Amino acid sequence: MDKAAVPVRDLTDSDQNQAVLAVASALAGGSAAAVERAAASHGPAVAAEAAAAARSRRRLAGLTGPVHLTVVWAMYGETGRMVPRAAHPHGEDFVRAKVGQLDWLTGGLPGVTWSIIACDDGCPDRPSSADLMTSIVAAEGYPAAGHRSVTVLRLAEVIAGGIPISPAFDQLTSTDQSRKGGSILAALAAAVRAGPAQANGCYTDADLSANLAQLGSLAAAVVAGDKVAGALGQRYGIPGAVLVRPDGPVSEPQATGGKPDKIIILFRHFVRALLIPPLAHVPDTQAGFKAFDAAALGPAIGQMTSFNETFDVELLIHLAQRYRPQALAVEPIVFTEDFAATNFPSVDPGPGHLAMIHQIAELYDRFVAPVTPATGEAADLLALVRTLDLDGYVTLIGALRAEDPGDPTLFDRRWPVQHLRDILRR
């Protein structure tokens, strides 16, 4: 393989994944030179991830009282990434890897425990993601309950079982109505029901893009914070966040400024910030790395009606309205971009991206308008969004991209609505 095409952080490389934790151990033990040695031997991406893990471990170790982390993720078509690279080109062996990350994070910390709940969203693979993960759990001998337990749910069985989660969820009759959101909510609800005192429900993605050894930083923000209901990992948009790309780790302004879908992301945040002001301080609402206080999370789950791509935006709205916007803390994380087997839209403007814009407007209609209706520029933007079709959206993003060079603002950017209308009239 051409050396230039080899990623600096290969999530399928088990040796590299272990190196992150080894370097983090040295850092946590006070070896400041470990980062320099890691950068020299393993590259800057491993060094950055290890530094974040070590910081997380220190923050978790500084908490008093019992802490329990229940980590949940959804699974759909994840059988390739669930096995080692020797069995699949995209194989990350992520179940064993995540267990190893959690063991490293919590090992030797009295009162800190963890569990995992993964939920199959109707995976069509044969064997399914649920079947394959169940076999791995059995082979590794992970316990069925308590500390280090690993549980596999099937969303179809949760729906059929009639366990109440929210009035809208309880009306589901098929996994086809759910997408990812239903699986995450089912797993979070199970975590809330089973979690001990001081429990935290932690939502992540199935892959290894966000190292679970960083969860200590999120848990510390929740446990030690002043009435913090949730800590939201941020891949970009705030100081300290690091985005690892194929050519290396970057922070702001390069993290957002160099993204090929930069304008798509900034425009979506612009719409969200104006229509849903309680979330204006959260630039990266869709990052699959969040931790919530279980006691605060339970009532919010009971209000959930969305199961599509923006389900977590609705969840954040309920938490912000119930506990105040400041109850949502933002925490920088190191996140490795991995498009090899992604299920998400491309970096070019298309129907998936436009759907997210329309979903934000729908969330505004249902949850924000009854409390604080949009006025002024926000109301004008809402009117534009309601009539925005795919051709108009593609035109808009293309024009804003053409105007972009030289503009240093990122998530603070606000386009005059009249200017957007002028673009659409051209």
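Heads up, the sequence shown is in the numbering used here, so the first residue is 98 and it goes up one at a time. Don't be surprised by glycine CBs; every beta carbon is placed ideally from N, CA and C. Just so it is clear, the structure is predicted and the values come from calculations on it, not from any experiment.
Quiz item: Nearest to F408 by alpha carbon, out of L460, D222, F367?
Solution: Comparing Cα positions, the closest option is L460.
Practice problem: Taking all protein chains shown into account, decide if V427 is buried (16 or more other Cβ within 10 angstroms of its Cβ) or exposed. | Solution: Buried, since its Cβ has 16 or more Cβ neighbours within 10 Å.
Quiz item: Which class does M401 belong to by DSSP, given the choice of helix, strand or coil?
Solution: Judged by DSSP in its simplified three-state form, M401 adopts coil rather than helix or strand.
Quiz item: In terms of residue numbering, what span does the alpha helix (DSSP H) encompassing N297 cover?
Solution: Element bounds for N297: not the alpha helix (DSSP H) but the beta strand (DSSP E), 296-301.
Exercise. In the DSSP assignment, find the unbroken beta strand (DSSP E) run with A74 in it and report its ends.
Key: Residue 74 is absent from the model: the chain starts at 98 and stops at 523.
Self-check item: DSSP beta-bridge partners of C216
Solution: BP columns for C216 point to A171, L250.
Exercise. Could you please give the first and the last residue of the uninterrupted beta strand (DSSP E) stretch that includes L425?
Key: Counting along the chain, the beta strand (DSSP E) containing L425 begins and ends at 425-429.
Quiz item: For I214, which of A235, L285, H185, A137 has the nearest alpha-carbon?
Solution: That would be L285, whose Cα lies nearest to the Cα of I214.
Quiz item: In chain order, which continuous runs of the beta strand (DSSP E) of length 3 or greater are located wholly inside the stretch 323-386?
Solution: The qualifying runs are 327-331, 339-342, 345-347.
Quiz prompt | H450: first and last residue of the uninterrupted alpha helix (DSSP H) it sits in | solution = Boundaries of the alpha helix (DSSP H) around H450: 448-460.
Exercise. Identify, in the order they occur along the chain, each residue of the same chain with its Cβ nearer than 7 Å to the Cβ of A475, setting aside the five sequence neighbours on each side.
Key: Here the set comprises L371, L372.
Exercise. Identify, in the order they occur along the chain, each residue of the same chain with its Cβ nearer than 6 Å to the Cβ of S212, setting aside the five sequence neighbours on each side.
Key: Closer than 6 Å at the Cβ level, and outside the excluded window around S212, lie T167, S246.
Quiz item: C220: which of H244, R276, G204 sits nearest, CA to CA?
Solution: Selected option, being the one with the closest Cα: R276.
Quiz item: Is the distance from the Cβ of V196 to the Cβ of M179 below 8 Å?
Solution: Their beta carbons are not under 8 Å apart, which means V196 does not touch M179 by this criterion.
Self-check item: Opening and closing residue of the alpha helix (DSSP H) in which F408 lies
Solution: First-last of the alpha helix (DSSP H) with F408: 408-420.
Exercise. For F508, name the three-state secondary structure that DSSP assigns.
Key: Secondary structure at F508: coil, using DSSP grouped into helix, strand and coil.
Practice problem: Could you tell me the boundaries of the alpha helix (DSSP H) in which F191 lies? | Solution: It spans 191-203 - the alpha helix (DSSP H) in which F191 sits, taken as one unbroken run.
Quiz item: What residues in its chain sit with their C-beta under 7 Å from that of A438, if we drop five residues either side in the sequence?
Solution: Reliability of the predicted coordinates at A438 is poor, the pLDDT of 48 falling under 50, and no value is obtained from them.
Quiz item: Candidates P240, V289, F266, L124: which alpha carbon is nearest D390's?
Solution: With distances taken between Cα atoms, D390 lies closest to V289.
Quiz item: Roughly how many angstroms lie between the CA atoms of V444 and G208, to the nearest whole one?
Solution: Cα to Cα, the separation comes out at about 43 Å.
Quiz prompt | Pairwise C-alpha distance: L269 and L282 | solution = Using only the alpha carbons, I get a separation of about 13 Å.
Exercise. Apply the 10 Å Cβ neighbour rule to S280 and answer buried if 16 or more other Cβ atoms are within range, or exposed otherwise.
Key: So S280 ends up on the buried side.
Quiz item: Given A287, which residues of its chain have a CB within under 7 Å of its CB, disregarding the five upstream and five downstream residues?
Solution: I214, L250.
Exercise. Name the residue from G334, A377, P375 whose alpha carbon lies nearest to the alpha carbon of K356.
Key: Relative to the Cα of K356, the nearest Cα in the group G334, A377, P375 belongs to G334.
Exercise. Keeping to the same chain, check which residues put their C-beta closer than 8 Å to that of Y420; ignore five residues upstream and five downstream.
Key: Its chain contains K324, A326, A393 as the residues whose beta carbon lies nearer than 8 Å to that of Y420, once the 5 sequence neighbours on both sides are disregarded; these appear in chain order.
Quiz item: L252 and C216: beta carbons closer than 8 Å?
Solution: A distance below 8 Å separates the beta carbons of L252 and C216.
Quiz item: How about S232 and M172: are their beta carbons less than 8 Å apart?
Solution: Not closer than 8 Å, so no.
Exercise. Note the first and the last residue of the continuous alpha helix (DSSP H) segment covering P141.
Key: Its alpha helix (DSSP H) spans residues 141-158.
Quiz item: What alpha helix (DSSP H) runs, 4 residues minimum, are completely inside the stretch 454-504?
Solution: 473-483, 487-500, all fully within the stretch 454-504.
Quiz item: Any idea if G204 is buried or exposed, counting beta-carbon neighbours within 10 angstroms, 16 or more meaning buried?
Solution: Its Cβ having fewer than 16 others within 10 Å, G204 is exposed.
Quiz item: Is R182 near V143, with beta carbons less than 8 Å apart?
Solution: Not in contact: R182 and V143 (Cβ atoms no closer than 8 Å).
Self-check item: Exposure label - S306; buried when at least 16 CB within 10 Å
Solution: Buried, by the Cβ-count rule.
Quiz item: Since T433 contacts L108 with CB under 8 Å, what's their CB separation in whole angstroms?
Solution: Indeed they touch by this definition, with Cβ atoms about 6 Å apart.
Self-check item: Beta-carbon spacing of F508, P380 below 8 Å
Solution: Less than 8 Å separates the beta-carbon of F508 from that of P380.
Exercise. Return helix, strand or coil for T231, following the three-state DSSP convention.
Key: Helix.
Exercise. Please name the residue or residues paired with F266 in a DSSP beta bridge.
Key: Note: F266 is not bridge-paired with any residue in the DSSP secondary-structure output.
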